[in-house]
Amino acid sequence: MKAALLRAFGAPLTWEDVDTPRPGADDVLIQVMACGTDGTDLKLLDGFGYRPELPFIMGHEPAGLITEVGASVRDFHVGDRVISYNFFHCGRCRNCRRGREQICPYLDRILGVRGVPGGYADYLCLPASQAVSIPKGIPWEDAAVLCDAGCTAYHAVDRARVKLGETVVIFGVGGVGSFAVQFAKLAGARVIAIEQSDKKARWAEDLGVDVALDATSVDVGTELRQLTEGWGADCVIDIVGREETLTLGVDLLCNGGRLVIVGYTPDHYSLSGKHFAQNELEVIGTRCGRRRDLDQAAQLLAQGRVKSIVTERYPLSDVNAAHQRLQSGEVLGRLVLDVPQRPPSTPA
Ligand SMILES: [Zn+2]
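In this note's numbering, the protein residues as written are 1 to 348.
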């Protein structure tokens, strides 16, 4: 099969012939039909954060068709359409048993990120226990981006405990943010999106937010005070994670407010214990999502209750051009790699 190999950090991927993986007894073999790309891929390319052993096949948002199943697999069949739950957790520790598998302390492999080859290839092999069926009616490219963007956004909004009528501020309307603003709207909040360009603020409006602010042209603090009659936001969901957004996020909260940290950078933020204690502020970290978050996000997409976040498609073989495009920061929502000659996404 063909695959894009990461052979050296800081260098482009190389499109090569490699052996097609062979499924073991508990595995399924998946023909990749689409694979999302995001900032995690750019970090992997640079060797920032996760540093998989090389050579490595990236791609943590794959969607595809099962072409072979192992002898012990009972719940999937050839021809099934699936996406992946990417976190290879132990299934036995306290967190796994409590249904918080993505913070399993023994989690050492993440599909397309570390230890398990991902979707930048014609085929990938996955334990059947990590495969998730794609509900009917979801096109390949929209299914693909559920693996990370959809799952992460659903979990973040769930962790945020968003309630009917609350004001929720969301920093960053990229892939995760494009789903998060829609999930927060569905939860009944007034959603205020903050972006760094007029074009991205307009994109947030297209997704149905109540107010979109371009932070390069307005003072976000002043605008938010006006919008909330001086009260502040009940919840801030930070999908950027820079020192400026964390600092501003805390400033925007009303007393009793919640800061939810989804995105991160190498930045640190110095916290005033007094300010947090006296105003009963909460800080909530959130990491990708649980398997059930992925299922829920997929259901909402299948029901047509959230819009597609995919705005650009590149052939899988043009992955380096796609990464360059992603690096430009101009992509709205999500860019997806796909296979031009693929079968229809929704079989009759
Ligand atoms: Zn575990």
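Here a beta-carbon is modelled for each residue, glycine too, at the ideal position from N, C-alpha and C.
### Message
Taking a contact to mean a Cβ-Cβ separation below 8 angstroms, would you say T228 touches T167 in this structure?
### Response
Indexing the sequence shown from 1 puts residue 228 at position 228. Indexing the sequence shown from 1 puts residue 167 at position 167. The answer is yes: Cβ separation under 8 angstroms.
### Length-filtered (4 minimum) alpha helix (DSSP H) runs lying within the stretch 161-233
Qualifying alpha helix (DSSP H) stretches, in chain order: 175-186, 198-206, 220-227.
### Message
Do D158 and R190 count as a contact pair if the criterion is CB distance below 8 angstroms?
### Response
Reading the sequence shown from its first residue, position 190 is the one you call residue 190. Reading the sequence shown from its first residue, position 158 is the one you call residue 158. In this structure, the beta-carbon distance from R190 to D158 does not fall below 8 angstroms.
### Task
Anything with a beta carbon under 7 angstroms from a heavy atom of ligand 1 counts; list them all in chain order.
Counting only residues whose CB is nearer than 7 angstroms to a non-hydrogen atom of ligand 1, the list in chain order is H89, C90, G91, R92, C93, N95, C96, E101, C104, P105, Y106, L107.
### Message
Buried or exposed for E141, going by 16 or more other Cβ atoms inside 10 Å?
### Response
Residue 141 sits at position 141 when you count from the first residue of the sequence shown. Classification of E141: buried, given that the 10 Å Cβ count is 16 or more.
### Query
Just curious, the beta strand (DSSP E) that Q31 is in, first and last residue?
Reading the sequence shown from its first residue, position 31 is the one you call residue 31. From DSSP, the beta strand (DSSP E) with Q31 extends over 27-37.
### Query
Quick one: Cα of R334 to Cα of K199, how far?
Reading the sequence shown from its first residue, position 334 is the one you call residue 334. Reading the sequence shown from its first residue, position 199 is the one you call residue 199. Between R334 and K199, the C-alpha separation is close to 15 angstroms.
### Length of the line joining the Cα atoms of G289 and I103
By 1-based counting over the sequence shown, the position of residue 289 is 289. By 1-based counting over the sequence shown, the position of residue 103 is 103. Their Cα atoms are separated by approximately 9 angstroms.
### Query
Tell me which same chain residues have a C-beta within less than 8 angstroms of the C-beta of D267, skipping the five on either side of it?
Working through the sequence shown from its first residue, we reach residue 267 at position 267. These residues qualify, in order along the chain: G241, R242, E243, L246.
### Query
Short check: CB of H323 to CB of D122, under 8 angstroms?
Taking the sequence shown and counting its residues from 1, the one referred to as residue 323 is at position 323. Taking the sequence shown and counting its residues from 1, the one referred to as residue 122 is at position 122. In this structure, the beta-carbon distance from H323 to D122 does not fall below 8 angstroms.
### Message
Does Y154 come out as helix, strand or coil in the three-state DSSP assignment?
### Response
Within the sequence shown, residue 154 is the residue found at index 154, counting from 1. Under the three-state reduction of DSSP, Y154 is assigned to helix.
### Task
Starting from V132, follow its DSSP beta bridges and name the residues at the other end.
By one-based count along the sequence shown, residue 132 stands at place 132. Its beta-bridge partners are I83.
### Message
For a quick check, are the C-beta atoms of L224 and A215 less than 8 angstroms apart?
### Response
The sequence position of residue 224 within the sequence shown is 224, counting from 1. The sequence position of residue 215 within the sequence shown is 215, counting from 1. No, they are not a contact pair.
#### Entry: Sequence ranges, beta strand (DSSP E) only - wholly within the stretch 266-321, length at least 3
Scanning the stretch 266-321 for uninterrupted beta strand (DSSP E) segments of 3 residues or longer gives 282-285, 310-315, listed from N- to C-terminal end.
### Query
To the nearest angstrom, how far is it from the Cα of C93 to the Cα of P105?
Against the sequence shown, residue 93 aligns to sequence position 93. Against the sequence shown, residue 105 aligns to sequence position 105. If you draw a straight line from the Cα of C93 to the Cα of P105, it comes to about 8 angstroms.
### Query
For D19, which residues from the same chain have a beta carbon less than 8 angstroms from its beta carbon, with the 5 sequence-adjacent residues on both sides left out?
The residue you call residue 19 lines up with position 19 of the sequence shown. These residues qualify, in order along the chain: M1.
### Query
For C147 versus I194, is the C-beta distance shorter than 8 angstroms?
Start at 1 with the first residue of the sequence shown, and residue 147 comes out as number 147. Start at 1 with the first residue of the sequence shown, and residue 194 comes out as number 194. Result no, Cβ atoms of C147 and I194 do not sit closer than 8 angstroms.
### Task
For the beta strand (DSSP E) holding R109, just list the boundary residues, first then last.
Numbered from its first residue, the sequence shown carries residue 109 at position 109. Note, R109: beta strand (DSSP E), 109-111.
#### Entry: Three-way DSSP call (helix, strand, coil) for C96 in this model
Here residue 96 is taken as the residue at index 96 of the sequence shown, counted from 1. Here C96 carries a helix assignment [DSSP, helix/strand/coil].
#### Entry: Where the alpha helix (DSSP H) through L248 begins and ends
Mapped onto the sequence shown, residue 248 falls at position 248. Counted as a single uninterrupted DSSP element, the alpha helix (DSSP H) harbouring L248 occupies residues 243-252.
### Message
Let me make sure I understand the geometry here. Which of L300, V283, V73, G79 has the alpha-carbon closest to that of S435?
### Response
Residue 435 is absent from the structure shown; the chain starts at 1 and stops at 348.
### Query
For Q278, does the count of other Cβ atoms within 10 angstroms reach 16, so buried, or fall short, so exposed?
As a position in the sequence shown, residue 278 is number 278, starting the count at 1. When all chains shown are included, Q278 counts as exposed.
#### Entry: Whole-angstrom distance between F56 and S217, CA atom to CA atom
Looking up residue 217 in the sequence shown gives position 217. Looking up residue 56 in the sequence shown gives position 56. Here the alpha carbon of S217 sits roughly 42 angstroms from the alpha carbon of F56.
### Query
If you draw a straight line from the C-alpha of A143 to the C-alpha of A298, how long is it?
Along the sequence shown, read from residue 1 onward, the residue named residue 143 stands at position 143. Along the sequence shown, read from residue 1 onward, the residue named residue 298 stands at position 298. Roughly 7 angstroms separates the two Cα atoms.
#### Entry: Identity of the residue in D206, L248, M33 nearest D219 by Cα
The residue labelled residue 219 in the question sits at position 219 within the sequence shown. Checking every option, the nearest Cα to that of D219 belongs to L248.
### Task
Verify whether the separation of the beta carbon atoms of L294 and V132 is less than 8 angstroms.
Here residue 294 corresponds to residue number 294 of the sequence shown, with the count starting at 1. Here residue 132 corresponds to residue number 132 of the sequence shown, with the count starting at 1. Taking 8 angstroms as the Cβ cut-off, L294 and V132 qualify as a contacting pair.
### Query
What separation, rounded to the nearest whole angstrom, lies between the Cα atoms of R74 and S129?
Mapped onto the sequence shown, residue 74 falls at position 74. Mapped onto the sequence shown, residue 129 falls at position 129. Using only the alpha carbons, I get a separation of about 10 angstroms.
### Task
Report the three-state DSSP secondary structure of D75 (helix, strand or coil).
Here residue 75 corresponds to residue number 75 of the sequence shown, with the count starting at 1. Here D75 sits in coil by DSSP.
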